[in-house]
Amino acid sequence: DGYRNTNQVSDDYRYQDGNYDAPNDGYYRGRDEPAQEEDAQSDVTEGHDEDDEVYEGEYQGIPHPDDIKEKQKKRAPAVDDEYRDRADLMAERMEDEEQLAHQYENIIEECGHGRFQWTLFFVLGLALMADGVEVFVVGFVLPSAEKDMCLSSSNKGMLGLIVYLGMMVGAVLLGGLADKLGRKQCLIVSLAINAAFAFLSSFVQGYGFFLFCRLISGLGIGGTLPIVFAYFSEFLSREKRGEHLSWLCMFWMIGGIYASAMAWSIIPHYGWGFSMGTKYHFHSWRVFVLVCALPCIASLVALKFMPESPRFLLEIGKHDEAWMILKQVHDTNMRAKGEPERVFTVSYIKTPKQVDEFIEIQSSTGTWYQRWLVRITTTLKQVWDNVLYCLTAQYRMNTLMLAVVWFTMALSYYGLIVWFPDMIRYLQDEAYESRVKIFDEEEVSHFTFNFTLENQIHRNGEYRNDKFIGMKFKEVRFEDSLFEDCYFEDVRSSETFFENCTIISTVFYNTDLYEHKFINCRLINSTFMKEKEGCHIDFEEDNDFLIYLVSFLGSLSVLPGNIISALLMDKIGRIKMIGGSMLISAVCCFFLFFGNSESAMIGWQCLFCGASIAAWNALDVITVELYPTDKRATAFGILNGLCKFGAILGNSIFSSFVGITKVVPILLASSALVGGGLLALRLPETREQVLM
1273 DGYRNTNQVS DDYRYQDGNY DAPNDGYYRG RDEPAQEEDA QSDVTEGHDE DDEVYEGEYQ
1333 GIPHPDDIKE KQKKRAPAVD DEYRDRADLM AERMEDEEQL AHQYENIIEE CGHGRFQWTL
1393 FFVLGLALMA DGVEVFVVGF VLPSAEKDMC LSSSNKGMLG LIVYLGMMVG AVLLGGLADK
1453 LGRKQCLIVS LAINAAFAFL SSFVQGYGFF LFCRLISGLG IGGTLPIVFA YFSEFLSREK
1513 RGEHLSWLCM FWMIGGIYAS AMAWSIIPHY GWGFSMGTKY HFHSWRVFVL VCALPCIASL
1573 VALKFMPESP RFLLEIGKHD EAWMILKQVH DTNMRAKGEP ERVFTVSYIK TPKQVDEFIE
1633 IQSSTGTWYQ RWLVRITTTL KQVWDNVLYC LTAQYRMNTL MLAVVWFTMA LSYYGLIVWF
1693 PDMIRYLQDE AYESRVKIFD EEEVSHFTFN FTLENQIHRN GEYRNDKFIG MKFKEVRFED
1753 SLFEDCYFED VRSSETFFEN CTIISTVFYN TDLYEHKFIN CRLINSTFMK EKEGCHIDFE
1813 EDNDFLIYLV SFLGSLSVLP GNIISALLMD KIGRIKMIGG SMLISAVCCF FLFFGNSESA
1873 MIGWQCLFCG ASIAAWNALD VITVELYPTD KRATAFGILN GLCKFGAILG NSIFSSFVGI
1933 TKVVPILLAS SALVGGGLLA LRLPETREQV LM
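Reminder that position 290 of the sequence shown reads as 1562 in this note's numbering, one-by-one numbering, no gaps.
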């Protein structure tokens, strides 16, 4: 009963003119103040420095007012924050974040750049490589998968776009979750989803299930890009950030080279696989899909041994965990440099004011699914708030300008990347058609055709008592011809049609000459027996080697651009890099008017890819640096999702003009690049900026 609280002590003992005015009841009324030891009291008779000077009344057990204020600060905030305005709390948090940003930069510089960063570089590089592989997988397997799944042109188009749709959703969703749940955890989830559904897609037989698997696989890999760059940037100092993020971008190129090489070495071996009855087939293209999942699996395994981003942990108030990770980074780098005796000197790191706290629901509250529903909806609400925060006054202009630059870059780049192979294929078809052989009024009787007929037109011919056995028709057309007493057995055909023909007393046994291949024909006493099973669609005979070669060269051509951008990123700045690269790419587009051959188109594609890669790298770097830690992955995810939307539009628009005109795709791509490049010059330069 003799003790009162600290506030009362501060009222009872009034500090006036350098002295305390204590109450006259003779009792010390402080709380939690240690009793004075006799040895400590004897110090008053010994000499001491002025810094150790005690104030009058200390030896009477009277607390100093600064001590009282300090205790009040420790006790008061937990209560006072409930009554403080949110704007005040946010202002205090922003002040804390600014202090943390500069302190964290000094800590990362003390930790150095060495073995730890290079290890993380390769682990995250594998994840980025998996993203690059995912873009190429569907394009490589379509020529083979369309035969197994009997895909029409519309189905093939949907399969090509569904991956981008999944990546668009995954970038926004998983990028947003990475700012709430952590970089490492969300990256593991992202890679696990991609690996699981990519693996599953190689075994499914139906088109619908395969489409679903590639959609979810794309959703998983879509989250890797925003998380990887946010994650790696938070282990880099200001001087190293631009260069090493650009080096990291090289793994996307390596992914394209890996996919092209694997497709080239695996898919043409159609016999690699097995069959179970007549319904289940596992051909070489499915082996290729499995092999393409290996970089994702390797990154997933290695990531288990990497720590969480300490910058993220500090942002959510986990000081001790962040300190331990930073010490691990420091010690790893110092041991690798041969300086194990170097001590990590940081003892305390500033943590921002925690405004929004996630309150864990007790296990006794509701059912398990109700608790999970509340957790999920709360987390998604926080992600949505982050999305809206990127459009607040402070970031609105930067977000809108970046959105336009990302979109214009994606529209032109992904549109042309699809347009180049389609144009090369169109030029091939034109050259093929120019070599067509035309036969007029030929008469053939009692002859056996047991070889391939290719790229021919037969007009007004007469075929009597002829046999067509064990042969193939490829791009063959019979017009106004007569077939009488002929016999067709074990015949395969591709793009072969009979128009205005008369077919009398003819037998078709075990062929794929289906009804739709006879156009306005008269069939008299003719018999169709045991038609070949399988798909009734004629597929184009693609030059697989050329497809793989074009993709391989396109991926390899970005190597010089990657090296130049990495070396110059911190010297000339992000803005000049984006603007210059996009404007040079726009100039490259105009040279496409002179691409009238396959070799010319391949050459201009390589030039365009090499010029545009610097803009992509600089966009990745500036997007990371313009946003604070708790919004970084969210903003990157939004912009990358918009990029994938631009890719979908580019693929659809550019491919529709193949064989019609080159003017529209070239003008659209070049004008988008010029507009985006000029707008990029108005963005703020972030080269000298610390990560907020």
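A virtual CB, placed ideally from N, CA and C, is assigned to each residue, including glycine.
Using 8 Å as the threshold, is the C-beta distance between M1841 and A1907 below it?
no
How far does the alpha helix (DSSP H) with R1607 in it reach, from first residue to last?
1591-1608
Within 10 angstroms of the Cβ of H1320, are there 16 or more other Cβ atoms? Answer buried if so, exposed if not.
At H1320, the pLDDT of 44 sits below 50, so the modelled position is not reliable; the number obtained from the coordinates is stated separately. With fewer than 16 other Cβ atoms within 10 Å, it is exposed.
Inter-residue CB distance, I1446 and G1397 (contact presumed, cutoff 8 Å):
Before going further, note that residue 1446 is Leu rather than Ile in the sequence given. Not confirmed; about 19 Å, so no contact.
Rounded to whole angstroms, what's the CA-CA distance from A1872 to P1567? Just pull it up for me.
33 Å
Please determine if the stretch 1462-1469 and the stretch 1558-1576 are in contact, where contact requires at least 3 C-beta pairs separated by less than 8 Å.
yes
Roughly how many whole angstroms lie between the Cα atoms of I1844 and E1377?
22 Å
Integer-rounded CB distance, given that W1524 should sit under 8 Å from Y1820
Not confirmed; about 18 Å, so no contact.
Can you look up L1725 in the DSSP assignment and give me helix, strand or coil?
strand
Tell whether a beta-carbon distance below 8 Å holds between Y1233 and V1716.
A question about residue 1233 goes unanswered here, because the residues of the chain that appear run from 1273 up to 1964.
Given a cut-off of 8 Å on the beta-carbon distance, is the pair N1727 and E1747 in contact?
yes
Cutting at 6 Å between CB atoms, please list the residues of its own chain near V1500, excluding the five before and the five after it.
L1396, A1399, L1400
6 Å Cβ shell around W1678 - same chain, five flanking residues per side excluded:
L1911, L1914, C1915
Helix, strand or coil for A1574 per DSSP?
helix
Note the first and the last residue of the continuous beta strand (DSSP E) segment covering M1801.
1799-1801
Touch test, the stretch 1474-1485 against the stretch 1944-1961, Cβ-Cβ under 8 Å, three pairs minimum:
no
In chain order, what residues of the same chain have a beta carbon less than 6 Å from the beta carbon of T1496, not counting five sequence neighbours either side?
A1399, D1403, S1462
Taking three-plus beta-carbon pairs below 8 Å as touching, is the stretch 1856-1865 in contact with the stretch 1925-1942?
yes
Does any residue of chain C bring its CB to less than 8 Å from the CB of S1765?
Among the chains of the structure shown, chain C does not appear; only one protein chain is present.
In the DSSP assignment, find the beta strand (DSSP E) that holds V1716 and state where it starts and stops.
1715-1717
Flag this pair as yes or no: are the beta carbons of A1450 and A1502 separated by less than 8 Å?
yes
Indicate whether G1490 and I1434 have their beta-carbon atoms separated by less than 8 Å.
yes
In this structure, does DSSP put T1720 in helix, strand or coil?
strand
Expressed to the nearest angstrom, what Euclidean distance is found between the alpha-carbon atoms of E1705 and G1454?
57 Å
Could you pull out every residue in the same chain whose Cβ sits closer than 6 Å to the Cβ of T1768, ignoring the five residues on either side in sequence?
F1745, V1748
In three-state DSSP terms, what is E1325?
Its pLDDT being 44, under 50, E1325 is placed unreliably by the model, and nothing is read from it.
Which residues does DSSP pair with K1934 in a beta bridge?
DSSP lists no partner for K1934.
Sequence-distant residues of the same chain with beta carbon closer than 7 Å to C1881, five excluded per side
G1826, S1829, V1830
Identify which residue in G1411, F1484, F1388 has its Cα closest to the Cα of I1689.
G1411
Express the C-alpha separation of F1584 and I1460 in angstroms, rounding to a whole number.
16 Å
Within the chosen definition, does the stretch 1415-1424 reach the stretch 1378-1389 through at least 3 CB pairs nearer than 8 Å?
no
Just the Cα atoms here: how many angstroms apart are F1929 and W1691?
9 Å
Identify the continuous alpha helix (DSSP H) that holds S1505 and give its terminal residues.
1496-1505
Going straight from the alpha carbon of R1954 to that of V1859, what length do you get?
21 Å
One or two residues paired with K1709 in a DSSP bridge:
Q1728
Assigned exposure category for K1653 - 16 Cβ within 10 Å defines buried:
exposed
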